[in-house]
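Okay, so here's the structure we're looking at.
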Amino acid sequence: MKETAANHLENPTNGNQKHLIEFESVTRVYGTGLASMRALRGINFYIDAGEFVAVMGPSGSGKSTCMNILGCLDVPTEGAFRFDGVDVGKLTPDQRALLRRHYLGFVFQGFNLLNRTSALENVELPLIYRGASRAERRRQAMEALAAVGLNGWETHTPGELSGGQQQRVAIARAIVTHPRVLLADEPTGNLDSARSREVMELLTSFNRERGITIVMVTHEADMARYAGRRIHFLDGLIDNSHESPGSPGISEV
Amino acid sequence: MIWETILLAQREIRRNVLRSSLTILGIVIGVAAVITLVTMGDGATAQVREQISSLGSNLLSIRPGQGFHGPGGARDAAANFDIKDAEAIGRDVSGVKAVAPMSSQMTQAITGNRNWSTTVTGSTNGYFQVKDWPLVSGRQFTESEQNAGKAVCVLGSTVKKELFGSQDPVGNSIRLKTLSCQVVGVLASKGQSGFGSDQDDVVLIPLRTFQRRISGNSDVSYIYVSARDSGSTEKVQADIERLMHERRHIKEGEDDDFHVNDMQEIMSTLTGTTRILTALLGAVAAVSLLVGGIGIMNIMLVSVTERTREIGIRLAIGARGSEVLMQFLIEAVVLSSFGGVVGIVIGLTGAAVGASVMNMPFILNSGIVLVAFLFSAAVGVIFGYFPARQAARLDPIEALRYE
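Going line by line, the protein sequences match chains A and B. Residue numbers for the first sequence follow this note's numbering, beginning at 45 and rising by one. Residue numbers for the second sequence follow this note's numbering, beginning at 196 and rising by one.
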């Protein structure tokens, strides 16, 4: 039986959806009354399994809000965000935590590794919440670190690693659970161009070889070029004038 | 998962050793104080009990006057007993194992060039029985020595030590006032009584000898009675009171001019007093445990704020609020119970040292050790819950953005 998000939830909705990720008239309003701010004004898009999508747009265009909803950290004020057919807006916070645990991986601009904790332990962290045994965690974490080219750096703490290495540890932490979707929030924002290229090549390889769907927020057109498709945000809406028609999944480089 | 969390908590604690030690200091002091006070209190209670029971087993003492509670002067007015009263008790009261009429006086005991100020007590062989007091050498008085009022004596171990050192005094003679008497036996050492006096500082002579040669009258100051079994002391006490009413012509409704004390009663009063003191001191110490708990809450709140970003990461990668709550709660409990263990070790060490300095028995009360440990763990749960809930309720988006 194919594993679906619905399997992990107590009240699954129907799972007969074509697309892995669907945004349907999603709005997100912060605050109330006169002080309210409409970060998303009713957006519609979908992402299929195996795609590599770049999300672009100026600051305040709503792309971060969109990523928070995609990451099941936030819910739409109106409209529906469906992940593998599950309406995430209707889930409890604990159910959303389970969705994140089993299907999502996060990579952040600021790496967000635990300080004074070895690379290996950082990568093991998501496995702890999945209840993996100690030996199993070690094995999978070693494997993930090897996959990002950090053999021999397992015992180093973030303070002892360069920015590029830290981001690779973060990527290892994101992929160690074999997520269906990897969400990257400006993963190269703190790196120089050479390190940025290494990180993008890593992400691309995981997308191609492991079929991990990647949604990446970026400001840099160079980095967005690695993605198979770009979604542009402007003032809380999707700006279709930029939409690239390319087929999903395969990068252009 | 729980085990993982405990390991994690332990690593967090080790990461900041100085702060962790200061955090648990309150708990350590609180637990150590409770353990020390209660353990030493138990030792004191046991000591009091032991000393009182060393006075004799199932002992009743009968004194003229109105006992401990009577108004001053009543005792002087009351007539002393005489030896016939003691004989009557032995004959007419059932359940009596032994009766010892006694009279005492301070006097100088002299032998050769040594002298020692001691208490000379006149009594019968019943004395050895009621006081449950064996001899280490020599013998008790003979029947004829008692009846004829011969000049013989049995020494307490203190008197023996002062007058004869390590020599065996049996066969030698000592002088009490003008009376020169032969030592026939030496009592075993009993140590201090519950009231601080040295029980071994005594010279025992036959009652008749005492009356004729020391006091010059036929009075008996008090009578000790030993009941056959501990359950019957109340009945024996009532019987003695009835017999004495008759013998001393006290009519119903009149005040007694004598008093019968039950040593068990005294014992329970005294041990009850030390118990109450122990409980009070323990309660005062328990307050410092609460203070320690507040210290833990304070540091845990700081820790949650400091680790906001870490909490955000954990929530983002799929930790549920309840799991974050558990993590911080367990951290608080591990901290506080570690403090409890350290406190127990310090407390028991302190109690052992205190007991040896104050010459008291050291009694390990495993109950209070267990209670102290559970209490310190409970302090962690109670005072760790609020900070842990703060952590669990963080919004992951805000927490990830926190600098």
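By construction, the Cβ of each residue, glycine as well, lies at the ideal position given by its N, Cα and C atoms.
According to DSSP, residues forming a beta bridge with residue i
i, result
"Leu278 (chain A)", "A:Leu281"
"Tyr74 (chain A)", "A:Met81"
"Gln387 (chain B)", "B:Asp393"
"Ser368 (chain B)", "B:Gln377"
"Arg258 (chain B)", "B:His454"
"Thr257 (chain A)", "A:Val225"
"Phe570 (chain B)", "None; Phe570 (chain B) has no bridge partner."
"Leu330 (chain B)", "B:Leu382"
"Phe67 (chain A)", "A:Phe89, A:Phe125"
"Arg273 (chain A)", "A:Val97"
"Val398 (chain B)", "B:Val315, B:Leu350"
Extent of the continuous beta strand (DSSP E) run through residue i
i, result
"Val192 (chain A)", "Where Val192 (chain A) is concerned, there is no enclosing beta strand (DSSP E), given that its DSSP letter is neither H nor E."
"Gln303 (chain B)", "291–306"
"Thr218 (chain B)", "Not the beta strand (DSSP E): Thr218 (chain B) falls in the alpha helix (DSSP H), residues 212–249."
"Ser312 (chain B)", "309–318"
"Leu148 (chain A)", "148–151"
"Val347 (chain B)", "347–350"
Under 8 Å by beta carbon: chain B residues contacting residue i
i, result
"Leu135 (chain A)", "Within 8 Å Cβ-Cβ: nothing; Leu135 (chain A) doesn't reach chain B, min ~12 Å."
"Leu226 (chain A)", "By Cβ distance, chain B contributes nothing, its closest Cβ being about 12 Å from Leu226 (chain A), past 8 Å."
"Asn112 (chain A)", "Ile592"
"Phe277 (chain A)", "The premise fails here: Phe277 (chain A) is roughly 17 Å from chain B at the closest Cβ pair, so nothing lies under 8 Å."
"Asp138 (chain A)", "Arg515, Gly516, Ser517"
Integer-rounded CB distance, given that residue j should sit under 8 Å from residue i
i, j, result
"Gln211 (chain A)", "Val243 (chain A)", "5 Å"
"Tyr173 (chain A)", "Gly513 (chain B)", "5 Å"
"Ser571 (chain B)", "Gly545 (chain B)", "Contact flag wrong, Cβ pair sits at about 17 Å."
"Thr314 (chain B)", "Val379 (chain B)", "Not confirmed; about 18 Å, so no contact."
"Ala239 (chain B)", "Met555 (chain B)", "6 Å"
"Ile247 (chain B)", "Ile461 (chain B)", "6 Å"
"Val226 (chain B)", "Gly538 (chain B)", "3 Å"
"Arg442 (chain B)", "Gly290 (chain B)", "The pair is not a contact, with the Cβ atoms about 19 Å apart (cut-off 8 Å)."
"Ser517 (chain B)", "Ala587 (chain B)", "7 Å"
"Val347 (chain B)", "Pro364 (chain B)", "Not quite, the Cβ-Cβ distance comes to about 12 Å (not below 8 Å), so this is no contact."
"Leu203 (chain B)", "Gln522 (chain B)", "7 Å"
Within chain B, partners of residue i - CB distance below 7 Å
i, result
"Asp128 (chain A)", "What Asp128 (chain A) touches in chain B: nothing, since even the nearest Cβ is about 16 Å away."
"Leu169 (chain A)", "Ile512"
"Phe150 (chain A)", "Ala511, Ile512"
Residue interval of the alpha helix (DSSP H) (run including residue i)
i, result
"Asn493 (chain B)", "458–501"
"Glu593 (chain B)", "591–596"
"Thr544 (chain B)", "516–552"
"Gly285 (chain B)", "278–287"
"Gly344 (chain B)", "It is not in any alpha helix (DSSP H) - Gly344 (chain B) carries neither H nor E in the DSSP assignment."
"Gly175 (chain A)", "Looking at the DSSP string, Gly175 (chain A) is not in any alpha helix (DSSP H), and its letter there is neither H nor E."
"Gly203 (chain A)", "Looking at the DSSP string, Gly203 (chain A) is not in any alpha helix (DSSP H), and its letter there is neither H nor E."
"Met267 (chain A)", "265–268"
"Gln362 (chain B)", "Per DSSP, Gln362 (chain B) belongs to no alpha helix (DSSP H) and is neither H nor E."
"Gln324 (chain B)", "321–325"
Contact set between residue i and chain A, taken where Cβ atoms lie within less than 8 Å
i, result
"Pro591 (chain B)", "Leu117"
"Ile525 (chain B)", "Result: empty, since nearest Cβ-Cβ is about 13 Å, beyond 8 Å."
"Leu213 (chain B)", "Per Cβ cutoff of 8 Å: no residues; Leu213 (chain B) is ~15 Å from chain A at best."
"Arg504 (chain B)", "Asn156"
"Leu465 (chain B)", "Those within 8 Å of Leu465 (chain B) in chain A number zero; the least Cβ separation is about 58 Å."
Contacts of residue i in chain A (Cβ-Cβ under 7 Å)
i, result
"Glu199 (chain B)", "Ile172"
"Glu518 (chain B)", "Tyr173"
"Arg210 (chain B)", "Arg160"
"Ile508 (chain B)", "Asn156, Leu158"
"Glu501 (chain B)", "Those do not exist, as Glu501 (chain B) stays about 10 Å from chain A at its closest Cβ, beyond 7 Å."
"Leu217 (chain B)", "Going along chain A, no residue has its Cβ under 7 Å from Leu217 (chain B), so there is no contact; the nearest lies around 20 Å."
Beta-carbon neighbours of residue i, restricted to chain A and to distances below 9 Å
i, result
"Leu494 (chain B)", "It is worth fixing the name first, because residue 494 (chain B) is Ile in this sequence and not Leu. Those do not exist, as Ile494 (chain B) stays about 18 Å from chain A at its closest Cβ, beyond 9 Å."
Contact set between residue i and chain B, taken where Cβ atoms lie within less than 9 Å
i, result
"Arg145 (chain A)", "Ile512, Gly513, Ala514, Arg515"
"Leu142 (chain A)", "Gly513, Arg515"
message: Which complete alpha helix (DSSP H) runs does the stretch 76–122 of chain A hold, if anything under 4 residues is left out?
response: 107–114
- prompt: At which residue ranges does the stretch 401–446 of chain B contain complete beta strand (DSSP E) runs of 3 or more residues, listed in the order of the chain?
  reply: Whole beta strand (DSSP E) segments, 3+ residues: 417–422.
message: Extract the residue ranges of the alpha helix (DSSP H) inside the stretch 124–164 of chain A, only unbroken runs of 4 or more that lie entirely within it.
response: Given a length threshold of 4 residues, each whole run of the alpha helix (DSSP H) inside the stretch 124–164 of chain A is given here in chain order: 137–147.
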